[in-house]
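So the sequences go chain by chain: R and V. FYI, in the UniProt record's numbering the residues of the first sequence are 1 to 349. FYI, in the UniProt record's numbering the residues of the second sequence are 1 to 349. For every residue, glycine included, the Cβ atom is placed at its ideal position computed from N, Cα and C. Please read these numbers as outputs of a predicted model, since none were measured by experiment.
Number of protein chains: 2
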Amino acid sequence: MRATFMYGAGDVRVETVPDPVLQQPTDAIVRVVRACVCGSDLHPYHSMPASQQGNPMGHELVGVVEETGSAVTNVRRGDFVVAPFAFSDNTCVFCREGFQTACPQGGWYGSPETGGLQAELARIPLADGSLVVVPDVDPATADDGLLASLLSLSDVYLTGHHAAFMGEVGPGTTVTVVGDGAVGLSAVLASRQLGAERIILMGRHTSRTDLGREWGATDVVAERGEDGVARVMDLTDGEGSHVVLEAVGLMPAYEQSYGIVRPGGIISRVGVPQYEKAPVGFGSLFGKNARLAGGPAPVRAYQEAAIGQVLAGEIEPGKVFDAVLPLDDTAEAYRLMDSREALKVALRP
Amino acid sequence: MRATFMYGAGDVRVETVPDPVLQQPTDAIVRVVRACVCGSDLHPYHSMPASQQGNPMGHELVGVVEETGSAVTNVRRGDFVVAPFAFSDNTCVFCREGFQTACPQGGWYGSPETGGLQAELARIPLADGSLVVVPDVDPATADDGLLASLLSLSDVYLTGHHAAFMGEVGPGTTVTVVGDGAVGLSAVLASRQLGAERIILMGRHTSRTDLGREWGATDVVAERGEDGVARVMDLTDGEGSHVVLEAVGLMPAYEQSYGIVRPGGIISRVGVPQYEKAPVGFGSLFGKNARLAGGPAPVRAYQEAAIGQVLAGEIEPGKVFDAVLPLDDTAEAYRLMDSREALKVALRP
Numbered sequence: 001m002r003a004t005f006m007y008g009a010g011d012v013r014v015e016t017v018p019d020p021v022l023q024q025p026t027d028a029i030v031r032v033v034r035a036c037v038c039g040s041d042l043h044p045y046h047s048m049p050a051s052q053q054g055n056p057m058g059h060e061l062v063g064v065v066e067e068t069g070s071a072v073t074n075v076r077r078g079d080f081v082v083a084p085f086a087f088s089d090n091t092c093v094f095c096r097e098g099f100q101t102a103c104p105q106g107g108w109y110g111s112p113e114t115g116g117l118q119a120e121l122a123r124i125p126l127a128d129g130s131l132v133v134v135p136d137v138d139p140a141t142a143d144d145g146l147l148a149s150l151l152s153l154s155d156v157y158l159t160g161h162h163a164a165f166m167g168e169v170g171p172g173t174t175v176t177v178v179g180d181g182a183v184g185l186s187a188v189l190a191s192r193q194l195g196a197e198r199i200i201l202m203g204r205h206t207s208r209t210d211l212g213r214e215w216g217a218t219d220v221v222a223e224r225g226e227d228g229v230a231r232v233m234d235l236t237d238g239e240g241s242h243v244v245l246e247a248v249g250l251m252p253a254y255e256q257s258y259g260i261v262r263p264g265g266i267i268s269r270v271g272v273p274q275y276e277k278a279p280v281g282f283g284s285l286f287g288k289n290a291r292l293a294g295g296p297a298p299v300r301a302y303q304e305a306a307i308g309q310v311l312a313g314e315i316e317p318g319k320v321f322d323a324v325l326p327l328d329d330t331a332e333a334y335r336l337m338d339s340r341e342a343l344k345v346a347l348r349p
Numbered sequence: 001m002r003a004t005f006m007y008g009a010g011d012v013r014v015e016t017v018p019d020p021v022l023q024q025p026t027d028a029i030v031r032v033v034r035a036c037v038c039g040s041d042l043h044p045y046h047s048m049p050a051s052q053q054g055n056p057m058g059h060e061l062v063g064v065v066e067e068t069g070s071a072v073t074n075v076r077r078g079d080f081v082v083a084p085f086a087f088s089d090n091t092c093v094f095c096r097e098g099f100q101t102a103c104p105q106g107g108w109y110g111s112p113e114t115g116g117l118q119a120e121l122a123r124i125p126l127a128d129g130s131l132v133v134v135p136d137v138d139p140a141t142a143d144d145g146l147l148a149s150l151l152s153l154s155d156v157y158l159t160g161h162h163a164a165f166m167g168e169v170g171p172g173t174t175v176t177v178v179g180d181g182a183v184g185l186s187a188v189l190a191s192r193q194l195g196a197e198r199i200i201l202m203g204r205h206t207s208r209t210d211l212g213r214e215w216g217a218t219d220v221v222a223e224r225g226e227d228g229v230a231r232v233m234d235l236t237d238g239e240g241s242h243v244v245l246e247a248v249g250l251m252p253a254y255e256q257s258y259g260i261v262r263p264g265g266i267i268s269r270v271g272v273p274q275y276e277k278a279p280v281g282f283g284s285l286f287g288k289n290a291r292l293a294g295g296p297a298p299v300r301a302y303q304e305a306a307i308g309q310v311l312a313g314e315i316e317p318g319k320v321f322d323a324v325l326p327l328d329d330t331a332e333a334y335r336l337m338d339s340r341e342a343l344k345v346a347l348r349p
């Protein structure tokens, strides 16, 4: 099959490799209908040291089950499925509590052992917990918009939803979203779904913030840093934002977040933090009882409800995809996203 | 009147100074019945640079209203009152949201402008918001235990309650309390009141952990650091604690906290952090979706309910006081607490 590997910063290659095979009775093999590139894939695209061995890439897909191990009972050959970006057994105590990304049996795609999902075929470990069937959709005839929206449930939309959910967004809430990437825009849509009264989107790329407005952003703030903080404080009568959804992962976004969060409010982070230490003391979080939440989104917890919303036409989270390329052009997909020529690129094997 | 001043580390003096007077029509003057020394007073007791000018000390009292400004309507001369450790108008939007320590009109005792409460008399700014009447108690005849319990509502017990409240402690919760000081023990009692199923107290002073057990601690862990983390993980079947209440304020306690918090759990801090930066990235909080909460306790928000519980005999939070000294012996009270010969010392003017 064809599959994507990264050999170093900026060096993405699609290569022919052996098809994946069942390794455990709990595995399934899925034929990819759509995969995509994630904003988090751009971190190694910037920083990975050059290597003789390529690292398999990709952790998002919708596809059709080809083969299942003997212990798999929840999915069968021919099922059209979404794969959450992390695999998990979905039965352990942490999974039952809604934190599937902490499943001790689970793990991440994109290592030599697990393989990547930017490929023609994928081995899905713990398939009973890690694949969710999309009922009544034939991927051969479904339109690109529907496929894109279902693909967004593999990670990006439900990562935005997780930010909003952990931020306790609800009716009456003022939400500020830091970052106008695909996750930030998804967080806008999710906040609107959860009933937020006011949604301030901090971003400076008009083509993106326009989608944010379409999805429910009531205000757009292009300023950053201290100017951005001042602008949000001004918009909130000096009170600050009940909830700040941080969808960037860099320190300036974190600093902006504690600058604008209201006393007692919540900063919910889903941008993968590119830092370990950050201010949390009297001058940042503690003094105003601001709370910090967020982490790798347990998208599995939210999947059935979101599939229902997509199939009912209530939401179209796939609008974050503004390009679809053949799998063989994955390197170009990375380039387009890195240069911000594309917001998010889907891949068609 | 006699009042307490700190002139530098270890240098506490009780001096005769002019009586406080009404400065604003919203002020009240209160005659102190009991004041006390706080664990947080020990931070300057360790580190304050020597100074020619003493800093007024103390932020906890119960007392009797002597005089009120012309704009004060909620309390009157003769009322027996508790003063929350921060003053606030209790009418602004943040106060109404339950975060009175963020009141823009409010502030802290213990500066030359506001004065301290380890004194015979105290000026209380914003008296309508900053004093709470205790009904049907005559301080002249009330026993020491009742006075101590009411005094504990000025700060220590309700700071412990705030930790548990922000930690979302409830039925079924496993709580670990880091620190066996007066706030930590109060957090044990508050967690039990909120219905915690299991309460692990991390502390090594048997006389203190014994009170913790009396108040509901189901397990006591004397080990610290990695050994302490391992012990708590062992007690929780390797899962960790839903809630960790950090009542110390030093980095080792913070590190212990993220070591034992369960995926998706909450670390709630009420020990005043003696650090600004701390780990919050993938290796500490983010990776397991652990949340961070807490800050200066808005004890005003919890006062009426707690006064009711104390008067009904449901709780006796004043048991953290193991000594009462005359106000003139305040320096000795600091020494006893600093040397851990006393847990918490009340002062009787």
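Residue i burial status per 10 Å Cβ neighbour count (16 or more: buried)
i	result
V21/V	exposed
T26/V	buried
H162/V	buried
E214/V	exposed
residue 366/V	This structure gives no information on residue 366/V, because the portion of chain V shown stretches from 1 to 349.
G203/R	buried
A28/V	buried
E304/V	exposed
A140/V	exposed
D155/V	buried
R340/V	exposed
P349/V	buried
Under 8 angstroms between C-beta atoms of residue i and residue j
i	j	result
T4/V	Q118/V	yes
P273/R	F80/V	no
S130/R	A187/R	no
A331/V	L347/V	no
A217/R	V261/R	no
L61/R	A122/R	yes
G63/R	V12/R	no
S51/R	Y7/R	yes
V169/R	S152/R	no
K344/V	A182/V	yes
A301/R	T159/R	no
G294/V	V270/V	yes
I307/R	Q193/R	no
V133/V	V75/V	yes
Proximity winner among the options, relative to residue i (alpha-carbon distances)
i	options	result
H242/R	G167/R, K344/R and A127/R	G167/R
A164/R	V177/R, S154/R, G172/R and D155/R	V177/R
D219/V	G225/V, H59/V, D210/V and E226/V	D210/V
C38/R	V248/R, G63/R and E120/R	V248/R
I267/V	M251/R, P279/R and L292/R	L292/R
I200/V	S152/V, I307/V, L194/V and T236/V	T236/V
I124/V	A86/V, G318/V and K344/V	A86/V
T114/R	E314/R, G228/R and H59/R	H59/R
R224/R	V299/R, D180/R, D328/R and Y302/R	D180/R
N55/R	G265/R, Y109/R and D19/R	Y109/R
D328/R	D89/R, C95/R, S111/R and E120/R	E120/R
T206/R	Q193/R, E226/R and L185/R	L185/R
G172/R	Q256/R, E66/R and G195/R	G195/R
A312/V	Q24/V, R96/V, D136/V and Q53/V	D136/V
T174/V	G264/V, K319/V and C36/V	G264/V
H43/R	A35/R, V244/R, D322/R and M57/R	M57/R
S284/V	V310/V, E255/V, Y275/V and E276/V	E255/V
R2/V	A35/V, Q23/V and Q24/V	A35/V
DSSP bridge partner residues for residue i (one or two, in chain order)
i	result
S268/V	L245/V and A293/V
residue 350/V	Limits of chain V in this structure are 1 at one end and 349 at the other, which puts residue 350/V out of reach.
P135/R	Answer is none; P135/R lacks a bridge partner.
M166/V	None; M166/V has no bridge partner.
E15/V	A3/V
I199/V	V175/V
F87/V	G107/V
Contacting positions in the UniProt domain "Alcohol dehydrogenase-like N-terminal" (25-126) of chain V - beta carbon closer than 8 angstroms to chain R: Cβ contacts with chain R: V93, F94, E97, G98, F99, T101 and A102.
Proximal residues, the stretch 214-246 of chain R versus chain V, C-beta separation under 8 angstroms: If the cut-off is 8 angstroms between Cβ atoms, the stretch 214-246 of chain R has E239 near chain V.
Contact residues within the stretch 294-328 of chain R, judged by C-beta distance below 8 angstroms to chain V: If the cut-off is 8 angstroms between Cβ atoms, the stretch 294-328 of chain R has G294, G295, P296 and P298 near chain V.
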